[in-house]
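Numbering (the numbering used here), first residue to last: 3 to 414.
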């Protein structure tokens, strides 16, 4: 167990019953059976150097260059702010540290994600702040890789923070811009590292001379076996640390692969949900079209009755031709409507054929559509028979007394 700090919360020793963190106030509430105290979470005054403030990864604190001290990030002034190299907005996610498979959203809304250049340490960072908390504070290294897992989602692994960050963008263009800037900044970080190494070699010539004078002979201890054991232990520590770094890198790469498959699964699941929604919409359209077809059938039956009434009355005069034209026009309009509905039914059939997620519903709907087509064909046949009968009746009774009858064209 590692003790960071010991605090006396109450005047008399009492058992702590509950702890609650208020992120808005930046206070930690500690309560017992008799009293409650509030402790400030930010401890910016403890950081005496910029390096200590950065390594602490305190989400509430920042380092002020002018005052040379740690300050609250919420109250930062111009001397603590730097102009970003590139900024965009995206939904920020972090990999679940327990499972290394699921994404945990860092906020409910999209945040501003920016590239910054730290001139004091000669490094590049990706920073995103949500309220008073730093959501992302990732230092870019030359061995980092930004991977596009879908059209609007990308991720990268940060071995120093021991996590994987994921960004969901509003469009593919924003993702491409961020990925291109990542490559540029990574190349700049590589050049900056090489430049700093060159400066180190130039400012330390004694180290260079010594390094060139080292011979490939075995090291001999001049003061006995104690120093030899110390050298061997140091070499073993270096090998162990190198092996740990290699294993950590392999684990990170494996986690990235798993996350990529997870993101691809979410993308396929999203597409499946869209197809199911489209299928439900198509089913709703089928029901609506069935109701419309029933209304058309009712109107057609009414029209047929009117035609029968006309035949019984035996109206034959000059106005019969006009009535016949109106009736023919009405019949043509009805045929056009039926043809349009047939096209809609064919379109619905083509849409239903592509919905492999609901084969059972598709077959049932196709059967209903076939029944509707049969009914439409029967209606068309009846209409043609009615028209032929009307024409024959009009031709037979041209010489009989004329009676004026007005046939009312049906409205759709």
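Glycine residues also receive a C-beta, built at the ideal position from the N, C-alpha and C atoms.
Run through the region 86-145 for me and flag every whole beta strand (DSSP E) of 3 or more residues, listed as ranges in chain order. 88-97, 105-107, 113-120, 125-132, 135-142
For residue 42, which beta-bridge partners are listed by DSSP? As a working note, residue 42 is residue 40 in the chain shown. For residue 42, which the question treats as bridged, DSSP gives the partners 29.
May I ask you to report which of helix, strand or coil DSSP gives residue 167? Within the chain shown, the letter at position 165 stands for residue 167. In the structure shown, residue 167 sits in a strand (DSSP, three-state: E or B).
Same chain only: Cβ atoms within 8 Å of residue 413, ignoring 5 sequence neighbours per side: The sequence position of residue 413 within the chain shown is 411, counting from 1. A caution first: residue 413 carries a pLDDT of 44, below 50, which makes its placement in the model unreliable, though a value can still be read off. So the list is empty, once near-sequence residues are dropped.
C-alpha gap between residue 24 and residue 271, whole angstroms: Position 22 of the chain shown, counted from the start, is the residue given in the question as residue 24. Position 269 of the chain shown, counted from the start, is the residue given in the question as residue 271. Computed Cα separation, rounded: 36 Å.
By Cβ distance, which residues of its chain are closer than 7 Å to residue 42, with the 5 residues on each side in sequence left out? Taking the first residue of the chain shown as position 1, residue 42 is located at position 40. So the list reads 28, 29, once near-sequence residues are dropped.
Determine, using beta carbons only, whether residue 371 and residue 347 come nearer to each other than 8 Å. Position 369 of the chain shown, counting from 1, holds the residue named residue 371. Position 345 of the chain shown, counting from 1, holds the residue named residue 347. Yes, these two residues count as a Cβ contact at 8 Å.
Using a Cβ-Cβ cut-off of 7 Å (strictly less than) and excluding sequence neighbours within five positions of residue 117, which residues of its own chain qualify? In the chain shown, the residue the question calls residue 117 occupies position 115. Here the set comprises 86, 87, 88, 126, 128, 183, 187.
Tell me whether residue 147 is buried or exposed, calling it buried when 16 or more other Cβ atoms sit within 10 Å of its Cβ. On the chain shown, position 145 is the one that residue 147 refers to. Answer is exposed; the Cβ neighbour count stays below 16.
Under a CB-based cut-off of 8 Å, is residue 86 close to chain D? Going by chain labels, chain D is absent from the structure shown, which holds only one protein chain.
Between the C-alpha atoms of residue 296 and residue 377, what's the straight-line distance to the nearest angstrom? Counting from 1 along the chain shown, the entry for residue 296 is found at position 294. Counting from 1 along the chain shown, the entry for residue 377 is found at position 375. Near 10 Å, if we compare the C-alpha coordinates of residue 377 and residue 296.
Please classify residue 289 as buried or exposed, where buried requires at least 16 neighbouring CB atoms within 10 angstroms. The sequence position of residue 289 within the chain shown is 287, counting from 1. So residue 289 counts as exposed.
Please state whether the Cβ-Cβ distance between residue 40 and residue 46 is less than 8 Å. The residue given as residue 40 occupies position 38 in the chain shown. The residue given as residue 46 occupies position 44 in the chain shown. Taking 8 Å as the Cβ cut-off, residue 40 and residue 46 do not qualify as a contacting pair.
According to DSSP, is residue 157 part of a helix, a strand, or is it coil? Along the chain shown, read from residue 1 onward, the residue named residue 157 stands at position 155. Three-state result, residue 157: strand.
I'd like to confirm the pairing. Which residues does DSSP put opposite residue 304 in its beta bridges? The sequence position of residue 304 within the chain shown is 302, counting from 1. Bridge partners of residue 304: none, in fact.
Which class does residue 16 belong to by DSSP, given the choice of helix, strand or coil? Looking up residue 16 in the chain shown gives position 14. Residue 16 falls in the coil class under three-state DSSP.
Spatial distance of residue 343 from residue 331 (CA atoms): Translated into positions along the chain shown, residue 343 becomes position 341. Translated into positions along the chain shown, residue 331 becomes position 329. Taking the straight line from one Cα to the other gives about 18 Å.
Alpha carbon to alpha carbon, how far is residue 168 from residue 177? Give it in angstroms, no decimals. As a first step, residue 177 is located in the chain shown; it is residue number 175 there, counting from the start. As a first step, residue 168 is located in the chain shown; it is residue number 166 there, counting from the start. If you take the alpha carbons of residue 177 and residue 168, they lie about 11 Å apart.
Per-residue DSSP class, three states only, for residue 21: Here residue 21 refers to the residue found at position 19 when the chain shown is read from its first residue. Strand, per DSSP.
Can you tell me whether residue 150 is helix, strand or coil according to DSSP? Residue 150 sits at position 148 when you count from the first residue of the chain shown. DSSP places residue 150 in strand when its eight states are reduced to three.
For the candidate residues 303, 285, 189, whose alpha-carbon lies nearest to that of residue 364? Start at 1 with the first residue of the chain shown, and residue 364 comes out as number 362. Closest by alpha carbon: 285.
Within this structure, are the beta carbons of residue 179 and residue 90 separated by less than 8 Å? Here residue 179 refers to the residue found at position 177 when the chain shown is read from its first residue. Here residue 90 refers to the residue found at position 88 when the chain shown is read from its first residue. In contact: residue 179 and residue 90 (Cβ atoms closer than 8 Å).
Please report how far the alpha carbon of residue 192 lies from the alpha carbon of residue 251, in whole angstroms. Counted from its first residue, the chain shown places residue 192 at position 190. Counted from its first residue, the chain shown places residue 251 at position 249. The alpha-carbon atoms of residue 192 and residue 251 are separated by roughly 19 Å.
Nearest-angstrom Cα distance between residue 275 and residue 302? Here residue 275 refers to the residue found at position 273 of the chain shown. Here residue 302 refers to the residue found at position 300 of the chain shown. Whole-angstrom Cα-Cα distance: 40 Å.
Start and end of the alpha helix (DSSP H) containing residue 397? As a working note, residue 397 is residue 395 in the chain shown. Taken as a continuous stretch (DSSP letters only), the alpha helix (DSSP H) holding residue 397 covers 361-398.
What are the residues that DSSP puts in a beta bridge with residue 66? Residue mapping note: residue 66 aligns to position 64 of the chain shown, counting from 1. In the DSSP output, where bridge partners are listed per residue, residue 66 has 71.
Rounded C-alpha distance that separates residue 388 from residue 309: The residue you call residue 388 lines up with position 386 of the chain shown. The residue you call residue 309 lines up with position 307 of the chain shown. Each residue's Cα considered, the two are about 7 Å apart.
From residue 103 to residue 165, what distance separates their C-alpha atoms? Along the chain shown, one-based indexing puts residue 103 at 101. Along the chain shown, one-based indexing puts residue 165 at 163. Whole-angstrom Cα-Cα distance: 11 Å.
Cutting at 6 Å between CB atoms, please list the residues of its own chain near residue 135, excluding the five before and the five after it. Indexing the chain shown from 1 puts residue 135 at position 133. Only 61 meet the Cβ criterion.
My output table needs one value for residue 219: the three-state DSSP class, helix, strand or coil. To locate residue 219, count along the chain shown from 1; it is residue 217. Residue confidence for residue 219 is low, a pLDDT of 38 falling below 50, so the modelled location carries little weight and cannot support an answer.
Which residue from 327, 163, 107, 35 puts its Cα closest to that of residue 142? The residue given as residue 142 occupies position 140 in the chain shown. The shortest Cα separation from residue 142 among 327, 163, 107, 35 belongs to 163.
Short check: CB of residue 36 to CB of residue 16, under 8 Å? To locate residue 36, count along the chain shown from 1; it is residue 34. To locate residue 16, count along the chain shown from 1; it is residue 14. Cβ atoms of residue 36 and residue 16: closer than 8 Å.
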